[in-house]
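With mature numbering (1 follows the signal peptide of the UniProt record, and there is no 0) applied, the sequence shown covers -20 to -1, 1 to 190.
From the three backbone atoms N, C-alpha and C, an ideal C-beta is built for every residue, glycine too.
Given the structure is predicted, the values throughout are model-derived calculations rather than measurements.
Here is the structure we will look at.
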Amino acid sequence: MLFNKSYIFTALALLSVSSAKKIDVKVGDSGLKFEPNNFTAAVGDEVVFHFFPRNHDVAQGPFNTPCRPSPNGFYSGVINGDGSEPDTTFTVRVNDTNPIWMYCATPGHCQGGMAAVINPPANGNSLDDYLAAAEDANSAKPQSVKGGVKAEGSKATGTATGTEDWPSSTSTAGASETSNAASSVFNEGSFALNAFAGLLVASAGFFGIL
């Protein structure tokens, strides 16, 4: 019986990984904005930032000090600043459902309203509060890119290391969410994962009959 349960738990864990979503966020497409700028995400979801000219980046920072980075937060660096990297993205993975506050570290951008939150709190601190406090804040940025994966087209050029580098995050009404299981039906990795999980479930049922 224990043997059968171990198969089932393994299969369920694999299936939960394959059901993670990707949430697309536009950075600077319509002026000093993240679109969406207020959304929720589940554990395991990936937030993919798409950058538009000019000179935009995304940095994670605490609510109490707007426009300034967190020591262990993510930072993309400036991407597609001159329009030469239209297909380059920066992706961070959601590790928990705590609020993630983020901003553009280019001088004047955070103060001008270019900030966002993933998994906003149900009560208390709000994005409007953050933006109001940001108007008189001084911007700062991390010294190096960290906490995510930068990819040029389909080629990843960097990887995050450690759980601290992968932030917690969001998804909300307005966020563009695509199920990996649905959008990657013909993706070799997803297909193999789902097939393997199916075999495990089938095996568990078989041994249960025996």
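Supposed contact pair residue j and residue i - C-beta distance, whole angstroms, cut 8 Å
i	j	result
V38	M82	5 Å
P16	P122	Between P122 and P16 the Cβ distance is about 23 Å, and since that is not below 8 Å, they are no contact.
Backbone CA spacing between residue i and residue j [nearest angstrom]
i	j	result
D4	V28	5 Å
G61	T69	12 Å
P33	S10	10 Å
A96	G63	23 Å
N52	R73	14 Å
Y110	N44	8 Å
G24	T77	10 Å
Q40	N105	16 Å
T20	G133	25 Å
W146	D108	Confidence at W146 is low in this model, with a pLDDT of 43, below 50, so its placement is unreliable and the value that follows should be read with caution. Each residue's Cα considered, the two are about 25 Å apart.
F31	I98	18 Å
N103	A112	17 Å
Cβ-Cβ distance between residue i and residue j below 9 Å
i	j	result
P79	P66	no
Residues near residue i by beta carbon distance below 8 Å, same chain, minus five either side
i	result
H36	V7, G8, V58, I59, N60, G61, C84, T86, H89, M94
A22	A(-1), K1, V74, T77, S151
G92	L12
Same chain, Cβ closer than 7 Å to residue i, neighbours up to 5 away in sequence not counted
i	result
A162	With a pLDDT of 30 at A162, under the threshold of 50, the modelled position of that residue is not reliable, and no figure is offered here.
V125	Y55, S56, G57, G138
P42	S50, W81
N18	A96, V97, P100, L107, T152
Spatial neighbours of residue i in its chain, beta-carbon cut-off 6 Å, leaving aside the 5 residues before and after
i	result
C47	Y83, C90, A114, A117, S119
A131	T69
T71	E26, V28, G128, V129
Let me know the alpha helix (DSSP H) ranges lying completely inside the stretch 93 to 143, each 4 residues or longer, listed in chain order.
107 to 114
Residue ranges of each beta strand (DSSP E) within the stretch 49 to 78, 3 or longer:
68 to 73
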